[in-house]
Each structure stands twice: as C-alpha cells, then as structure tokens.
Amino acid sequence: MGPLASGCYTRLLVFHHIEQRIAQSVAAYLKIRYGIETEVVVEPPKEPRFGELGVTSAFGLARQLRKAPRVIAAEILSEMPPIEGVASAEIAGNGYINLRLDRAAYGAALLAGDLQTAAPASTGKIIVEHTNINPNKAAHIGHVRNAVLGDTFVRMLRAAGHEVEVQNYIDNTGVQVADVVVGFHHLEHKTSEQVAGMAADPACRFDYLCWDLYARTSSYYKDNPEALEWRKQALHAIEAGVGELAELAHIVADAIVSCHIKTMLRMGIEYDVLPRESEILHLQFWATAFELLKERKGIYLEAEGKNAGCWVMPGSAFSDSTDEDTNKVIVRSNGTVTYVGKDIAYQLWKFGLLGKDFHYRPWTSYPDGRVLWVSTDRPSGGAAPKFGRGSSVYNVIDSRQSYLQDVVAAGLRALGFLEQAGHSIHFSYEMVALTPRTCVELGIQLSEEDQKRSYVEVAGRKGVGVKADDLIDKLIAATRAEVDARQTGGTGENAEAERQKIARQIAIGALRYFMLKVTRNSVIAFDFKDALSFEGETGPYIQYAVVRIRNIFRKGDTTPDEALTDFAQQFGDLKGHDFSRAAEMAKDEGALAPVVSNLASYLSGEANEDIWSLWLRAGRFSQVLEQCISTSEPAHLAKHAFQLAQEFANFYHRHHILTEEDPARKTFLLATAAVTLRELVRALALLGIESPEAM
C-alpha cells in the first residue's frame, strides 16, 4: 500500500464518502503545509486503468507556490497521512495524483448497504412549484416534461433528507380560461348550469372538449378581431369574481384541474397544495405587494410614451440594459395587473415575506390517504398544514419564461430581499417536440417540409398536439400487446389484471425515462418506438435488467436477502449474523476481517475487472444524487441507472451465476446480483419508475 493507503476497516465507506474524504483530507493538508485554502476537485481519471479517482490540485498551485506541479504532488503524497478507503496513490504525468480504492473495504460497505448520504445542513423547507397547467384544456406532452422533471427533483430532495413542499400553481383568472368562457358563453351559448352538467357527466371528457373549444375560440378571434372585446369583459368579470362569466370560469377551471390531477396521478405525480391566482387577487396579495413595490421605489408610474399610465419596473433592475424599451409593465394603464406582477406577490408569499396567507380546504385525497389542499379566500374550518415560508424556491417553468423569472427575482431585490432573490431558482427546461414518425402514428397531418424535419413543434392554441392521456393510453396499448404476446403475467384468473399492471409499469417507465434521459435544457423529440425499445438507453431496458435479476433468484430458488445472508454466513465470525448489521460490526475489526479478505480476492485481478466495475458503479448512488441536486439536473441519475444496467448485462453474459461450480464463488455472484438489484430499484424509484416483477 502507498502513503495514502489505509488498512483500517473501522468505518465503511462507499464512493461518495470516499470522494468527500479525499477532498477534505487534501484541502486540510494544503492549508497546514502551504497556508492555502482551496477547494479540491476529485474526479475519475480519463482512463480506468489509472485508478478510480484523481486529484489535480498540484497544477492549480504551481504558479502560487512557484514549484513544478509534479514536485507539489510528490510533497502531498509523501507527507499526507493515510486516507481511509484508499489503497494506493501514485503520481502520473506532470503532477496528477491517481488514487486506487481499497476494493475490499468498498465492497464491504456496499454489501452492508451503507449508502446513505450525509444528513443535509438545516436549510429549512424547500418549495418546488411545478406542472402549472392553465386550467382551460387537457394536459399535453409538454406539461408531462414539466411535471416529470419537478416530481423527480422532489423525490431526489426528499431522498437526501430535505423537507420539501410541492406546489402546483393554478392560474384560474388568466386569458386562457377567459377564452374558454368566451367560447361557452358567446359561441356555444351555454349557461353556467349547462356547463356544470357537462363537467359532471362521466361520459364527457371535459378537458378534451375544452381543448377543442379553446382552439376554436382562438381561431374565431382571427376572423373576428372585434370579438377580443369579449375576452376583456370576461377577464374583468373573472378578476372581480362576480356574475355569470365569473361562475363559468370557476366551473371550467375547477373541472379542468380535477382532470389534470387524475392525469398526473397516472404517472405517480402528486402535490401538497394548489395555490390559486383567484385568491392572490381576492385576498389582496397583489395589492400588498404593489404598495411595497411603490414604497420602496421598485416600480414607478410612467408619465409618457407607449407605457404612459402604467406602473413599470426599470429594465436595469433585471438586465444590463438601460434602454427604456426593456422596462417591464407590472400594472397596465387600465389598472389590471400583469402575470409577472401577480407572480411577484406569489413569490413573496412562498418565502413568507408578504405578511398574508391563504385559507385552505381539502381538494381531494390520494390513494394513500394523504390530503391535497387548495387555497380559498375564506376560512373552511379544516386544519391545514403550514404552507409557504420556504427557505429556497424552485420554479419549474420552461426556458421561454426566463425573462419573466428574472423580473420576479428583481422584484424581490427591489424590496430588499436579497437572500431570498438568490434562493429563487428558475428550474428551466426546453420544449418537447415530436418526431415526424410519431406524428404519423398519431394521425397529425404534416407538410412535405415538416416531414423532412428532425422534429415537429406542437401548438396547443391551434389544437395541434398530443394530449397526455392519449399518449399514456397509446403507450399502454403498445406495451400490453407485447405483454400478451409473451404471455407475461401468467394465464391464471389474475392474468388480465397482472398483464395490465405490467403494461402500465412499462409504459409509464418508458415515458418518464424519455423525459429525463437528456439534460433539461435540451429539446426532446419524442418518439414512440425509441421510448418503448427494450434496447438502448430506455426505461424498459433498465426495467428488464431488474426483471432479469429477479428471474435469477427465482430460478435459483432463493431471494436477494437470502443471497446476502448466505454470503455473510460463509465467514466465521459473521456466521448467523444479518449482514445489514455489518456497519455496526465493523467497529470490531476482527469481525469483518474474513469477509474483507475474501472480497479482496473476488474484486481484484484482471478476470474480475468487470465485476469490480459493476460494484464501483453500484456504489456511486449517493454521489450521483448529490450531483443531481447541486446541478438541478435529474438526467445524471437517469444516465447512472442506464450505465448500471449496462454493467450488469456485461456481468451477466460473462459469468454464469446459477451454473457456477464453485459454491463460494456462486454465492458471491448471487450477492453481486442482489446488490445491483437493490441499487437499480433505488435509482428507478427516484426517477418515479416502478420495477416490474415480470416483462
């Protein structure tokens, strides 16, 4: 062992913990040795043969210390104390420090399940606002990406130990709702009672009906621009909350929200509270924020030009421009507040800075009994949780809204809330388009030009798009056909329900993974065939890896837990003990000595490099989780799950587990499969993807 090696196994570490320990140890040494405080970056070398981790600090210090990087690296290696979990270290090139992990200690930690991330600092509640569909029509494929990204990020934050509140903001007083009201009232000549009856009719897909009506109303405006006056009338009535038009808006919005909640639940997406824009108006949230902005000179009344009579925020507050054309109107000259003005008030409430709160009532209960709450403008008598008052706020909104999100943060700064402005985070993402092939499958007519494109944009206002429920139904139908062909789920009396369950699990897994596998600021071109493929970087491919592992244990007439226990019982002092207690037992070095020695032989040597690669990947979970949270990028975990499934496929094809003749090695191979299964299921769960029993 080299100078950084440690022969002590009193504390079990996995990849992320070792990585942190290396960074902390090197940073502490640099401060003591050179009096320099610097962040130490630890990352994998370019090639696996150079080790598992590397430190490049010597290059950054060379000019400051006036020494060659290789000399600095040599000083670090010769003088630093051993680092727990590191077996050896060496200098490479002009000053790289390459580190090789103690494979036995790493394996013992992984077997023991010692994979919990460090408890987060007391950062307070994190609020994640996502989905935010205008309640005027059915959810579409673009909304699916928003909701899946937000829901996955919430799962990750909670897995890391954070307190998280999930909000779904309902803009029930906006233009989109007003246009549907115009359609019902002026084009369809429906009363509020008639519309309420339609919304309550189980045979009427109300969100689909409104989808078509919204598109028809938008088209009507083009041919009859004078009809835009109807929209203005509807907006004023809705904001006032009085009259037939306001009642129509209330019926439409509530019915559509109920549809959205059901659609999202099909993908495992849930919320804690539904704050509504109507209450922001009725409870004077905006009026309070407006007075604050005027008092603290965050906005001013424009006296001349095109914005005369408007309250505006100077462009210099949220951009580098001093051009008056960049000034943002917050209140129009007719006295109505813009969307961004109401959003500033909402953001103030999220941070607990407004001095006001909503009233709440239960909206519905989820299958597990948890209550979903909605804001109201009057007491309802229910004992609602304390909502809002977050320390950080993530707004999951598409990248086209970046400008408006900058204005919202500028509003907080203008009011002197600099810390909260810094913790107001725009979790942006790009649009979802369709491949031409998928458009054809969905019956969408394309021009010759569009047929040649790599992807085709969709437009809900024109009624051209993919409704989320249609997409889910089509995916389930396609997977069900495959499940039936394979007779997956058996042929007994429960076969029908089991096959439908498996088809749903695969379909939702395919959809969620497709939305997560690319970075959020990349455009997605959704393709049915690619999403449902059992080969390549897809949800079904990873799910199939889980099923394949479970089949190994079924055929071997054992279970993953039994495999780990059997592996533990092969070694003297561990006999009869539950291996999940290995972390406790590690306090006694003698207890783990036999298993550590044996693991060293199984995880070392050229013939076992693929096994070591699999174990190394399996232990990266906490590292990847922290990376996802620090970068607000769930795609890293999606990639990790896929790579782990790939590593297992390589292992599966090279090592014949159930026919292995050496009993001890067979037990080890089964334990390897059990560890992989545990980590795959864990990763899929955070991606919101179920792990089927069969496929």
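The sequence shown runs 62 to 756 under this note's numbering.
We treat Cβ as the ideally placed atom computed from N, Cα and C, and that holds for glycine.
Predicted, not measured: the structure shown is a model, and the values here were computed from it.
Best match in the options for proximity to residue i [C-alpha to C-alpha]
i	options	result
Ala-369	Val-390, Arg-609, His-717, Gly-376	Val-390
Leu-741	His-297, Tyr-602, Val-607, Glu-254	Val-607
Arg-514	Leu-503, Leu-532, Gly-526, Ala-494	Ala-494
Val-242	Asp-591, Ala-288, Trp-434	Ala-288
Val-215	Asn-207, Val-225, Arg-206	Val-225
His-420	Tyr-516, Glu-338, Gly-121	Glu-338
Gln-707	Val-398, Ala-88, Glu-598	Glu-598
Ala-170	Glu-98, His-78, Glu-249	His-78
Gln-125	Asn-195, Ile-137, Ile-97, Phe-712	Ile-97
Val-87	Gly-329, Arg-110, Glu-145	Glu-145
Thr-737	Ser-752, Ile-750, Ala-679, Ala-746	Ala-679
Ser-453	Phe-412, His-714, Arg-219	Phe-412
Asn-249	Ala-261, Val-236, Arg-277, Gln-228	The sequence given here has Glu at residue 249, not Asn. Cα-wise, what sits closest to Glu-249 is Arg-277.
Arg-164	Ala-732, Ser-665, Phe-628, His-714	Ser-665
Lys-323	Leu-433, Asn-395, Gly-553	Leu-433
Pro-621	His-716, Arg-739, Ala-546	Arg-739
Lys-251	Ala-310, Pro-753, Leu-172	Ala-310
Gly-222	Ile-187, Met-576, Glu-104	Ile-187
Where residue i sits in the DSSP three-state scheme
i	result
Lys-358	coil
Met-141	coil
Gly-115	strand
Phe-120	helix
His-484	coil
Phe-587	strand
Arg-565	helix
Met-374	strand
Glu-190	strand
Val-341	What sits at residue 341 in the sequence shown is Ile, not Val. Of the three classes helix, strand and coil, the one that applies to Ile-341 here is helix, per DSSP.
Ser-453	strand
Val-579	coil
Tyr-801	The structure shown does not extend to residue 801, since the chain is modelled only from 62 through 756, so no value can be given for it.
Ala-364	coil
Val-132	helix
Val-398	strand
Arg-204	Residue 204 is actually His in this sequence, not Arg. Helix, per DSSP.
Val-334	strand
Buried versus exposed, by CB contacts within 10 Å (16 or more), residue i
i	result
Glu-340	buried
Arg-615	exposed
Cys-265	exposed
Gly-156	buried
Gly-692	Reading off the sequence, residue 692 comes out as Thr, not Gly. Answer is exposed; the Cβ neighbour count stays below 16.
Asp-212	buried
Met-756	buried
Gln-512	exposed
Ala-668	exposed
Arg-573	buried
Asp-240	buried
Lys-727	buried
Thr-720	exposed
Val-256	buried
Pro-428	exposed
Leu-353	buried
Lys-484	The sequence shown places His at residue 484, rather than the Lys named in the question. His-484 comes out buried.
Ile-93	exposed
Asp-381	exposed
Thr-397	exposed
Gln-548	exposed
Those residues which DSSP pairs with residue i across a bridge
i	result
Asn-229	Beta-bridge pairing links Asn-229 to no other residue.
Leu-162	Val-147
Pro-423	Trp-434
Glu-104	Gly-115
Val-390	Val-373
Tyr-157	Ala-153
Lys-528	His-201
Ala-494	Ala-586
Val-607	Per DSSP, none; premise fails for Val-607.
Supposed close pair residue i, residue j - CB separation, criterion 8 Å
i	j	result
Leu-698	Leu-748	6 Å
Phe-346	Trp-410	6 Å
Phe-478	Leu-415	About 11 Å separates the two Cβ atoms, so there is no contact after all.
Ile-158	Ala-166	No, Ile-158 and Ala-166 are not in contact; Cβ-Cβ is about 20 Å, not under 8 Å.
Ala-199	Ala-529	7 Å
Met-325	Thr-184	That belief does not hold up - the Cβ atoms of Met-325 and Thr-184 are roughly 27 Å apart, past 8 Å.
Ala-735	Leu-625	5 Å
Cβ of residue i within 9 Å of any chain D Cβ
i	result
Trp-272	Although the question refers to chain D, the structure presented lacks it and comprises just one protein chain.
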